[in-house]
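S.K.: Plus 1163 on top of the position in the sequence shown (first one is 1) and you've got the numbering used here.
Glycine included, each C-beta is placed from N, C-alpha and C at the ideal position.
Let me begin by handing over the structure; questions about it come next.
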Amino acid sequence: MKLATERARGVGKGFVETSSAPHRLRRARGLRGLLPPTRAAAAATVTTALLGHVEIMLRLTPEAGREALFQRHLARWAGIQLRILGIDARIEGAPPLTPGPRLVVSSHRSAIDVLIALSLFGGRILSHGDVARWPVLGKLAKRTGTIFVDRKNSASGAGAIRQIRKELRNGSTVTVFPEGTTYRGDEVRPFKAGVFVATSRLDVEVLPMGVAYPPGVEFWRESFGSHLTRVTRRTRTPVGVVIGTPRRSTSTKAADLASMLQEDVQALTHRARALL
């Protein structure tokens, strides 16, 4: 079966099938049965190895081709992490066929959401500022161009908006989680309108995505380590993912766009639940 990577010029290579029916991220043989400590060690090892390998490859690649090369490796890394963690992503819809300036807007229930977004779309992620201080993952997040924001600091928020806008102008994809944090259940909380200011007067595609998890898997009022431990203890974790129909940001006010996208993502989240 033809792979999404062949349509999307390498993004998500080897992870997403393009059938019109709901499809799943493919799991590598032997990874699903790993014990929790082995899974955690494997995830850290892959991350460390990727950083070293990519740095070498980038030095050997002409500057014009470095970003595309990096994005391919990033999507590959995300897909491998999903396999290691035993994630069975059931996906309805497909990533866009062509690259271009795009804001992906998703509900947020787990740290796994970031891996799913990177494996499908590549690009940049808008993330809490404290992630930059996490061991290993913090270094990777910085290297991948993650846009950090301290939501309690207005100056940080304004800086993040400027950075998102810059990425969109440069033709990049940026994934955001406008609820502001992770929640339990399928109710999509009101979206923060600030992130949509970044699309003001820019003709960019805004792509909604809904995700759903089994009860008890969500990242909720716990440390990242505790959340990761719970995920790795599960033999298999099904995740419903539905990619919706894009909107254009051309002349829509930020508050109106936030409201429309919240409704879109809510509907997609209900559809994602039905995939589990």
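At least one CB of chain B closer than 8 Å to the CB of residue 1359: is that the case?
M.R.: Checking the listed chains, one finds no chain B in this structure; it contains a single protein chain.
S.K.: By Cβ distance below 7 Å, which residues in the same chain neighbour residue 1429 in space, the five residues on each side in sequence not counted?
M.R.: Counted from its first residue, the sequence shown places residue 1429 at position 266. Within the same chain, residue 1429 has close Cβ partners 1351.
S.K.: Count the other CB atoms within 10 Å of the CB of residue 1238; is the residue buried (16 or more) or exposed (fewer)?
M.R.: Locating residue 1238 in the sequence shown gives position 75, where the first residue counts as 1. Looking at its Cβ environment, which holds 16 or more other Cβ atoms inside 10 Å, residue 1238 is buried.
S.K.: Going along the chain, which residues of its own chain have a beta-carbon closer than 6 Å to the beta-carbon of residue 1229, five neighbours each way excluded?
M.R.: For this step, residue 1229 is matched to residue 66 along the sequence shown. So the list reads 1221, once near-sequence residues are dropped.
S.K.: Report yes or no: do the stretch 1298-1316 and the stretch 1401-1412 share at least 3 C-beta pairs separated by less than 8 Å?
M.R.: These segments do not touch.
S.K.: Can you tell which of 1423, 1419, 1418, 1393 has the C-alpha that lies nearest to the C-alpha of residue 1202?
M.R.: Here residue 1202 refers to the residue found at position 39 of the sequence shown. Checked all of 1423, 1419, 1418, 1393; the closest Cα to residue 1202 is 1393.
S.K.: Assign residue 1227 to one of two classes, buried (16 or more other C-beta atoms within 10 Å of its C-beta) or exposed (fewer than that).
M.R.: What you label residue 1227 is simply residue 64 of the sequence shown in a count that begins at 1. The residue in question, residue 1227, is exposed, as its Cβ has fewer than 16 Cβ neighbours within 10 Å.
S.K.: Looking at the structure shown, is residue 1290 part of a helix, part of a strand, or coil, going by DSSP?
M.R.: Numbered from 1 along the sequence shown, position 127 holds the residue referred to as residue 1290. Residue 1290: strand per DSSP, three-state reduction.
S.K.: For residue 1336 and residue 1397, what's the separation of their Cα atoms in angstroms?
M.R.: Against the sequence shown, residue 1336 aligns to sequence position 173. Against the sequence shown, residue 1397 aligns to sequence position 234. Their backbone Cα atoms lie some 32 Å apart in a straight line.
S.K.: Mark residue 1249 as exposed unless 16 or more other C-beta atoms lie within 10 angstroms of its C-beta, in which case mark it buried.
M.R.: Taking the sequence shown and counting its residues from 1, one reaches residue 1249 at position 86. Classification of residue 1249: buried, given that the 10 Å Cβ count is 16 or more.
S.K.: According to DSSP, residue 1250 sits in a beta bridge with which residue or residues?
M.R.: Sequence index remark: in the sequence shown, residue 1250 carries index 87 (1-based). Answer by DSSP bridge pairing, in chain order: 1400.
S.K.: I need the DSSP call for residue 1410, collapsed to helix, strand or coil.
M.R.: Within the sequence shown, residue 1410 is the residue found at index 247, counting from 1. DSSP places residue 1410 in strand when its eight states are reduced to three.
S.K.: Mapping the DSSP letters down to three states, classify residue 1373 as helix, strand or coil.
M.R.: In the sequence shown, counting from the first residue as 1, residue 1373 sits at position 210. Residue state, collapsed to three classes: strand.
S.K.: Could you check which residue in 1268, 1232, 1242 has the C-alpha nearest to that of residue 1361?
M.R.: Residue numbering aside, residue 1361 sits at position 198 when the sequence shown is read from its first letter. Cα-wise, what sits closest to residue 1361 is 1268.
S.K.: For residue 1382, which of helix, strand or coil comes out of DSSP?
M.R.: Working through the sequence shown from its first residue, we reach residue 1382 at position 219. In this structure, residue 1382 counts as coil in the three-state DSSP scheme.
S.K.: Starting from residue 1312, trace the beta strand (DSSP E) both ways and give me its first and last residue.
M.R.: Position 149 of the sequence shown, counting from 1, holds the residue named residue 1312. Taken as a continuous stretch (DSSP letters only), the beta strand (DSSP E) holding residue 1312 covers 1310-1312.
S.K.: Mind checking which residues open and close the beta strand (DSSP E) that includes residue 1339?
M.R.: As a first step, residue 1339 must be located in the sequence shown, where it is residue number 176. That run of the beta strand (DSSP E) goes 1336-1339.
S.K.: Between which two residues does the alpha helix (DSSP H) harbouring residue 1317 extend?
M.R.: Residue 1317 sits at position 154 when you count from the first residue of the sequence shown. Per DSSP, residue 1317 belongs to the alpha helix (DSSP H) from 1317-1332.
S.K.: Taking residue 1313 and residue 1285 to be in contact with their CB atoms under 8 Å, please state how far apart those CB atoms are, rounded to whole angstroms.
M.R.: Taking the sequence shown and counting its residues from 1, the one referred to as residue 1313 is at position 150. Taking the sequence shown and counting its residues from 1, the one referred to as residue 1285 is at position 122. Not quite, the Cβ-Cβ distance comes to about 25 Å (not below 8 Å), so this is no contact.
S.K.: Give the C-beta separation of residue 1206 and residue 1244 to the nearest angstrom, bearing in mind that I take them to be a contact with Cβ-Cβ under 8 Å.
M.R.: One-based indexing of the sequence shown puts residue 1206 at position 43. One-based indexing of the sequence shown puts residue 1244 at position 81. Confirmed, Cβ separation roughly 6 Å.
S.K.: Hey, quick one: how far does the beta strand (DSSP E) through residue 1268 stretch, first residue to last?
M.R.: Indexing the sequence shown from 1 puts residue 1268 at position 105. Unbroken beta strand (DSSP E) run through residue 1268: 1265-1269.
S.K.: Using 8 Å as the Cβ pair cut-off and three pairs as the minimum, do the stretch 1373-1384 and the stretch 1264-1282 touch?
M.R.: A contact exists between the stretch 1373-1384 and the stretch 1264-1282.
S.K.: Could you compute how far the alpha carbon of residue 1321 sits from the alpha carbon of residue 1347?
M.R.: Residue 1321 sits at position 158 when you count from the first residue of the sequence shown. Residue 1347 sits at position 184 when you count from the first residue of the sequence shown. Near 28 Å, if we compare the C-alpha coordinates of residue 1347 and residue 1321.
S.K.: Taking only the alpha-carbon atoms, compute the straight-line gap between residue 1196 and residue 1400 and give it to the nearest angstrom.
M.R.: Residue 1196 sits at position 33 when you count from the first residue of the sequence shown. Residue 1400 sits at position 237 when you count from the first residue of the sequence shown. Summary for residue 1196: the model assigns pLDDT 48, below 50, so the residue's position carries little reliability; its value from the coordinates is reported in the next sentence. One C-alpha to the other measures close to 12 Å.
S.K.: Cβ of residue 1289 within 8 Å of Cβ of residue 1327?
M.R.: In the sequence shown, the residue the question calls residue 1289 occupies position 126. In the sequence shown, the residue the question calls residue 1327 occupies position 164. Their beta carbons are under 8 Å apart, which means residue 1289 touches residue 1327 by this criterion.
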